[in-house]
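First the structure, in the form of structure tokens, and then the observations on it.
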Amino acid sequence: MKGNGKYPDKILERSIDPATQTMLLQAEQKGIPTVWDRFEAMQPQCGFGELGLCCRNCNMGPCRISPFVGEGPKQGVCGATADIIVARNLLRMIAAGAAAHSDHGRDIAHTLLLTAQGKASGYTIKDEVKLKALAAEYGIETDNERPIAEIAEEVARAAYTQFGQQEGSLQFTRRAPAKRLALWQQLGIEPRGIDREIVEIMHRTHMGVDNDPVNLILQGLRAALADGWGGSMIATELSDVLFGTPQPKQALANLGVLKKDEVNLIVHGHEPTLSEMIVAASQDPELLALAAKYGAKGITVAGICCTGNEVLVRHGIPIAGNFLQQELALITGAVEAMVVDVQCIFPSLGAVAGCFHTKLISTSPKAKFPGATHIEFHEERALEIAKEIVRTAVENFRFRKPGQVNIPDEKTEGMVGFSVEAILKALGGSLNPLLDAVKSGAIKGITGVVGCNNPKIRHDYGHIGLVKELIRRDILVVTTGCNAIACAKAGLLKPEAAGLAGAGLKGVCQALGVPPVLHMGSCVDISRILVACAAIANTLGVDISDLPVAGAAPEWMSEKAVSIGAYVVASGIYTVLGTVPPVLGGPEVTKLLTQGAEQVVGAKFAVEADPFKAADLIEQHINHKRVELGLPVAELVAA
Ligand code: SF4
Ligand code: MSK
1055 MKGNGKYPDK ILERSIDPAT QTMLLQAEQK GIPTVWDRFE AMQPQCGFGE LGLCCRNCNM
1115 GPCRISPFVG EGPKQGVCGA TADIIVARNL LRMIAAGAAA HSDHGRDIAH TLLLTAQGKA
1175 SGYTIKDEVK LKALAAEYGI ETDNERPIAE IAEEVARAAY TQFGQQEGSL QFTRRAPAKR
1235 LALWQQLGIE PRGIDREIVE IMHRTHMGVD NDPVNLILQG LRAALADGWG GSMIATELSD
1295 VLFGTPQPKQ ALANLGVLKK DEVNLIVHGH EPTLSEMIVA ASQDPELLAL AAKYGAKGIT
1355 VAGICCTGNE VLVRHGIPIA GNFLQQELAL ITGAVEAMVV DVQCIFPSLG AVAGCFHTKL
1415 ISTSPKAKFP GATHIEFHEE RALEIAKEIV RTAVENFRFR KPGQVNIPDE KTEGMVGFSV
1475 EAILKALGGS LNPLLDAVKS GAIKGITGVV GCNNPKIRHD YGHIGLVKEL IRRDILVVTT
1535 GCNAIACAKA GLLKPEAAGL AGAGLKGVCQ ALGVPPVLHM GSCVDISRIL VACAAIANTL
1595 GVDISDLPVA GAAPEWMSEK AVSIGAYVVA SGIYTVLGTV PPVLGGPEVT KLLTQGAEQV
1655 VGAKFAVEAD PFKAADLIEQ HINHKRVELG LPVAELVAA
């Protein structure tokens, strides 16, 4: 690729996002290495690792299996084959991903419990209707006479039990269509308790335990289901109860949301408990007065990654960027504090912050970082701690060096906050208008496009290429996580983006006044997509695997994404990945995931890095499902 006069090829090849390009140039000029430089320095990456063929599960190893025909060892020291090693490694990724989401869910249950007991500071129950609906699901008395706090305490305890449960089933799996549930039971993959399934993965993948790749993968699906229909769903539902169920609102996205003349505080990570309080504290008159004293016109809170998505969809707090922009946000020189909780936070941030006046503030006892100041967060003193953090940022404003400040101009407006409840409201209270549009072919199908960024793929190119191509083909897109942020930056969350959609989808969006890409929230909010699919399948009296729907993660990188992919496929949804998971060294495992799974759970994985070819795969799949449902099928739209 030729440079464009403004940026050299190297920068243009790294990202399609203009704000990111501006900051990459800044990084280079300032001599600050970023994730892309480290990725380049890491080349060539370990071929054994890429194929999933190395094992360190015991100290007879490390072992690595040669992928070459006739050459090198074909078994580990214990006799483990390539497929056994690949399956075990994949399962451990699922365990870590499911643990991360679920521990997040547990923390939200903890906050709800403390709130109900009057022990948490600053939190209230924001959605009593949802609380009562959840209580009813758990079989908890919701009599009108019953104090809300009492119901909330029982719901929090009921959610807690889902983690340590040893037998029985997870309550929210009851939301799945009866056919799906029966299939999980028949396959022996219905999750019993969230922690139990994760622990069982760690047991089974210990040296000398489960050495059947198929049996291993089935346990991976069970733990992943415990994430999607358990830990993640608990996180979403209880967050809605505590912080409010998202409703459509306008918000801004990209690094241009940072303000030259205000205190800028970035919240980054995944959990909404602290970021909610930071938002409240940033409006404190005393802190605003302090900011004014130091010459700042106000306090801007902006998000990165999913902690950002949580406050974006609930409060319209601007989002500064997605995963690969976290270092670049600091390189603007305009950030007084970056406050991090858990997940997706680069250990490099402290060093980058150290090049500026920026304070990196870690807050979770579970996640400390080099170069960070640790201000530990506890719900019991949430507002007080949030104020201390905001005060730290405000106090730091006077140390900002104006000569170092370079905020890119780009910020794009979009509509966010499409919870299932909000979608239903937009549809007039019933799924029927959506189903009618799907039945007529105006909307061919629905695809959830989610997941991270990954320097293996040009930043945002995989996301935006695929989403634009899908809406052009009349496929409605629902999105979460870093894809949602990419779409916001690219203007795809504006109702006017309907102009980029095919005629059918455009008509539906214009009639409803919604964009063709619906931002449903953070990574744990992929559980909202499961709930929507279950509701559609239940309304039509079919299984989720019968629906003209698909999933995609064009730039995924995290272990959480592996768990997500596994629960989405186990829920019956065909899923296309943009980066290759480390499984290709195991032919049996690869075949199972990309072919055999279809016969087992009614869905499978595909891997396609080219977003246009990925759109072809998805459209073909959706058309196939439409034929099976007896719905009209239009000709394939060429890429
Ligand atoms: Fe090697 Fe087997 Fe030990 Fe893995 S479990 S390190 S393959 S001996
Ligand atoms: S933040 S898990 S990089 S989507 Fe949820 Fe983005 Fe992936 Fe983290």
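In this note's numbering, the protein residues as written are 1055 to 1693. Ideal Cβ positions, reconstructed from N, Cα and C, are used throughout, including at glycine. Computed from a predicted model, the values in this text were never measured in an experiment.
Next item on the list: Give the C-beta separation of glutamate 1475 and threonine 1299 to the nearest angstrom, bearing in mind that I take them to be a contact with Cβ-Cβ under 8 angstroms.
Entry: 5 angstroms
Note to self: I'd like to confirm something about alanine 1377: is its beta-carbon nearer than 6 angstroms to some heavy atom of the ligand MSK, or not?
What the structure shows: According to the sequence shown, residue 1377 is phenylalanine rather than alanine. Phenylalanine 1377 Cβ: within cutoff of the ligand MSK.
Note to self: Measuring only from the beta carbon, is glycine 1505 closer than 6 angstroms to any heavy atom that is part of the ligand MSK?
What the structure shows: yes
Next item on the list: Give the DSSP-derived three-state secondary structure of phenylalanine 1659 in the structure shown.
Entry: strand
Item checked: Distance between isoleucine 1373 and proline 1462 (C-alpha atoms, nearest Å) -> Whole-angstrom Cα-Cα distance: 14 angstroms.
Note to self: Bridge partners for valine 1630 per DSSP, in chain order?
What the structure shows: Ala1606 and Ala1660
Note to self: In whole angstroms, give me the CA-to-CA distance for glutamate 1094 and glycine 1558.
What the structure shows: 43 angstroms
Margin query: As a quick check of your reading: which residues have a C-beta less than 5 angstroms from at least one non-hydrogen atom of the ligand SF4, in chain order?
Written below: Cys1109, Asn1111, Cys1112, Met1114, Gly1115, Cys1117, Gly1130, Val1131, Cys1132, Ala1134 and Met1261
Note to self: For a test of the three-state rule: what should DSSP assign to glutamate 1067, helix, strand or coil?
What the structure shows: helix
Next item on the list: For lysine 1303, write down the residues that DSSP places opposite it in a beta bridge.
Entry: The bridge partners DSSP lists for lysine 1303 are Val1470.
Margin query: Quick check: what's the CA-CA separation for valine 1355 versus valine 1333?
Written below: 7 angstroms
Margin query: Rounding to the nearest angstrom, what Cα-Cα distance links lysine 1082 and valine 1131 in this structure?
Written below: The residue asked about is misnamed: residue 1082 is glutamate in this sequence, not lysine. Roughly 46 angstroms separates the two Cα atoms.
Notebook entry, point to check: Where does valine 1578 land, buried or exposed, given buried means 16+ other C-beta within 10 angstroms?
Noted result: buried
Check: Taking 6 angstroms as the cut-off, is the CB of cysteine 1541 close to at least one heavy atom of the ligand MSK?
Finding: Answer for cysteine 1541: no, Cβ out of range of the ligand MSK.
Margin query: Any heavy atom of the ligand MSK closer than 6 angstroms to the beta-carbon of cysteine 1536?
Written below: yes
Notebook entry, point to check: At a cut-off of 6 angstroms, is cysteine 1587 close to the ligand MSK when judged by its beta-carbon and the heavy atoms of the ligand?
Noted result: no
Next item on the list: Along the alpha helix (DSSP H) that carries threonine 1386, what are the first and last residues, could you check?
Entry: From DSSP, threonine 1386 is part of no alpha helix (DSSP H); its letter is neither H nor E.
Next item on the list: May I have the straight-line CA-CA distance separating leucine 1366 from glutamate 1195, to the nearest angstrom?
Entry: 33 angstroms
Check: Along the chain, where does the beta strand (DSSP E) that runs through alanine 1356 open and close?
Finding: According to the DSSP assignment, alanine 1356 belongs to the beta strand (DSSP E) that extends over 1353-1358.
Check: Name the DSSP bridge partner or partners of alanine 1421?
Finding: Ser1418
Check: Would you report the Cα separation of arginine 1234 and glycine 1535, rounded to the nearest angstrom?
Finding: 26 angstroms
Margin query: Taking 6 angstroms as the cut-off, is the beta-carbon of lysine 1614 closer than that to any non-hydrogen atom of the ligand MSK?
Written below: yes
Check: Are three or more beta carbon pairs between the stretch 1223-1241 and the stretch 1199-1209 nearer than 8 angstroms?
Finding: Flag = no, the stretch 1223-1241 and the stretch 1199-1209 do not touch.
Notebook entry, point to check: By how many angstroms is the C-alpha of alanine 1660 removed from the C-alpha of isoleucine 1500?
Noted result: 17 angstroms
Margin query: Check this for me: beta carbons of leucine 1694 and valine 1532, under 7 angstroms apart or not?
Written below: One cannot answer for residue 1694 here, as it falls past the ends of the chain, which runs 1055 to 1693.
Check: Which runs of the alpha helix (DSSP H), 4 residues or longer, sit entirely within the stretch 1508-1532?
Finding: 1515-1526
Next item on the list: Consult DSSP for valine 1131 and reduce its assignment to one of helix, strand or coil.
Entry: coil
Next item on the list: Measure the alpha-carbon distance for methionine 1261 versus cysteine 1112 and round it to whole angstroms.
Entry: Rounded to the nearest angstrom, the two C-alpha atoms are 6 angstroms apart.
Note to self: Mapping the DSSP letters down to three states, classify cysteine 1766 as helix, strand or coil.
What the structure shows: There is no way to answer for residue 1766, as the model of the chain reaches only from 1055 to 1693.
Note to self: On the CB-based measure, 16 or more other CB atoms within 10 Å of its CB, does arginine 1142 come out buried or exposed?
What the structure shows: buried
Note to self: Please report the distance separating the alpha-carbon of glutamate 1682 from that of aspartate 1600.
What the structure shows: 8 angstroms
Next item on the list: Report, in whole angstroms, the separation of the C-beta atoms of alanine 1213 and isoleucine 1252, which I expect to be a contact under 8 angstroms.
Entry: Alanine 1213 to isoleucine 1252, Cβ: 17 angstroms. No contact.
Note to self: Does glutamine 1674 pass the burial test, meaning 16 or more other C-beta atoms within 10 Å, or should it be called exposed?
What the structure shows: Residue environment: glutamine 1674 is assigned as exposed (fewer than 16 neighbouring CB atoms within 10 Å of its CB, all protein chains considered).
Checklist line | For isoleucine 1320, the first and last residue of its enclosing beta strand (DSSP E) | finding: Unbroken beta strand (DSSP E) run through isoleucine 1320: 1317-1323.
Margin query: Shorter than 6 angstroms, the distance from the beta carbon of cysteine 1409 to the closest heavy atom of the ligand MSK, or not?
Written below: no
Notebook entry, point to check: Curious, which full-length beta strand (DSSP E) runs of at least 3 residues does the stretch 1254-1283 contain?
Noted result: none
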